[in-house]
Amino acid sequence: MGCRRASAPPCPSTRASPASSRKRSSPTTTSSRAGTRRPACRRRRRSASSSSMPTRSTRGSNEAALRMAEEIRIEDEPGRGDVAVLDDRLYEFNAAATGVDDGRSLAIFVRDDEGTIVAGLHGWTWGGTGFVQAIWVHSTLRGHGLGSRLIAAAEAEAVRRGCHQMHLDTHSYQAPAFYRRLGYEAIGELPGWPGDKDVRIFFRKRLAG
Numbered sequence: 048m049g050c051r052r053a054s055a056p057p058c059p060s061t062r063a064s065p066a067s068s069r070k071r072s073s074p075t076t077t078s079s080r081a082g083t084r085r086p087a088c089r090r091r092r093r094s095a096s097s098s099s100m101p102t103r104s105t106r107g108s109n110e111a112a113l114r115m116a117e118e119i120r121i122e123d124e125p126g127r128g129d130v131a132v133l134d135d136r137l138y139e140f141n142a143a144a145t146g147v148d149d150g151r152s153l154a155i156f157v158r159d160d161e162g163t164i165v166a167g168l169h170g171w172t173w174g175g176t177g178f179v180q181a182i183w184v185h186s187t188l189r190g191h192g193l194g195s196r197l198i199a200a201a202e203a204e205a206v207r208r209g210c211h212q213m214h215l216d217t218h219s220y221q222a223p224a225f226y227r228r229l230g231y232e233a234i235g236e237l238p239g240w241p242g243d244k245d246v247r248i249f250f251r252k253r254l255a256g
């Protein structure tokens with residue numbers, strides 16, 4: 048199977064992949080980064096009291112930030128650290144709002160004898176759900192069940208972490224049949240992306256604990 052990139056998690060950040068620090072290539076991966084998420088690894092906890100009681104200096108900083116917001120700039124090559132700030136702040140909000148603060152990254156890599164990555168998967172687990180953000184297998188290794196083994200390994204680790212379901216998404220021209228064979232059920236669609244005849248398909252699989 049080729050490469051699939053998923054929409055990102057509603058949780059924390061791991062550092063962006065090298066690809067995310069460059070201009071985005073054409074979406075040959077599924078489950079794109081649709082602006083939602085990234086792996087749920089948390090870096091530090093913040094107490095509710097510290098986040099709900101702004102200090103005088105915090106209020107001053109916020110006022111300055113609002114003034115600067117008038118100069119909003121668009122970046123198509125954002126720094127990894129800058130993107131991670133947004134992911135981390137969003138995760139902190141989600142954790143505070145839900146009381147669920149168990150987000151962790153999940154990554155699996157297959158390397159050749161020289162240490163080069165020839166296949167892999169990454170995503171996250173959070174709140175009883177595992178999410179596959181991207182999976183890729185080198186063209187010379189496809190058709191031998193490696194993609195299925197990567198998914199199975201991710202599912203097993205998700206169960207070990209207490210998850211009861213997996214979530215991922217793909218495009219109609221990518222691998223929907225592959226995921227259906229693995230027991231995933233379609234739970235939603237976004238038609239017309241990236242082309243008029245293309246469909247983004249969202250999948251879920253319930254895991255046996």
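Take the sequence shown: its position 116, counted from the start at 1, is 163 in our numbering, and no numbers get skipped.
Heads up, the beta-carbon is just placed ideally off N, CA and C, and yes, glycines get one too.
For the beta strand (DSSP E) holding residue i, just list the boundary residues, first then last.
| i | result |
| --- | --- |
| Leu153 | Arg151 to Arg158 |
| Thr267 | Residue coverage of the chain in this structure runs from 48 to 256, which leaves residue 267 outside it and unanswerable. |
Just curious, the alpha helix (DSSP H) that residue i is in, first and last residue?
| i | result |
| --- | --- |
| Pro33 | Here the chain covers residues 48 to 256 and nothing more, so residue 33 does not appear. |
| Ala116 | Per DSSP, Ala116 belongs to no alpha helix (DSSP H) and is neither H nor E. |
Starting from residue i, follow its DSSP beta bridges and name the residues at the other end.
| i | result |
| --- | --- |
| Asp216 | Phe249 |
| Trp240 | Bridge partners of Trp240: none, in fact. |
| Glu124 | Per DSSP, none; premise fails for Glu124. |
With a threshold of 16 other CB atoms inside 10 Å of the CB of residue i, please say whether the residue is buried or exposed.
| i | result |
| --- | --- |
| Ser99 | For Ser99, the pLDDT reaches just 48, beneath the cut-off of 50, and the residue's location in the model is therefore unreliable, although a value from the coordinates is still provided. Exposed. |
| Ser152 | buried |
| His169 | buried |
| Phe140 | exposed |
| Phe178 | buried |
| Gly150 | buried |
| Gly239 | exposed |
| Ala142 | buried |
| His211 | exposed |
| Ala181 | buried |
Could you tell me the alpha carbon to alpha carbon distance between residue i and residue j, rounded to whole angstroms?
| i | j | result |
| --- | --- | --- |
| Pro241 | Ile248 | 12 Å |
| Arg62 | Asp243 | Note that Arg62 scores a pLDDT of 43, beneath 50, so its modelled location is shaky; the value from the coordinates is reported in the next line. When rounded, the distance between both Cα atoms is 33 Å. |
| Val206 | Ile198 | 12 Å |
| Gly235 | Leu215 | 11 Å |
| Arg208 | Asp148 | 13 Å |
| Leu137 | Thr145 | 12 Å |
The stretch 200-207 contacting the stretch 242-254, beta-carbon criterion three pairs below 8 Å: Contact between the stretch 200-207 and the stretch 242-254 is present: three or more C-beta pairs spanning the two stretches fall below 8 Å.
Could you tell me whether the stretch 223-241 touches the stretch 164-174, using the rule of 3 or more Cβ pairs below 8 Å? Taking one beta carbon from each stretch, the stretch 223-241 and the stretch 164-174 have fewer than 3 pairs nearer than 8 Å; the two do not touch.
Please determine if the stretch 119-133 and the stretch 185-194 are in contact, where contact requires at least 3 C-beta pairs separated by less than 8 Å. Result no; under three Cβ-Cβ pairs closer than 8 Å.
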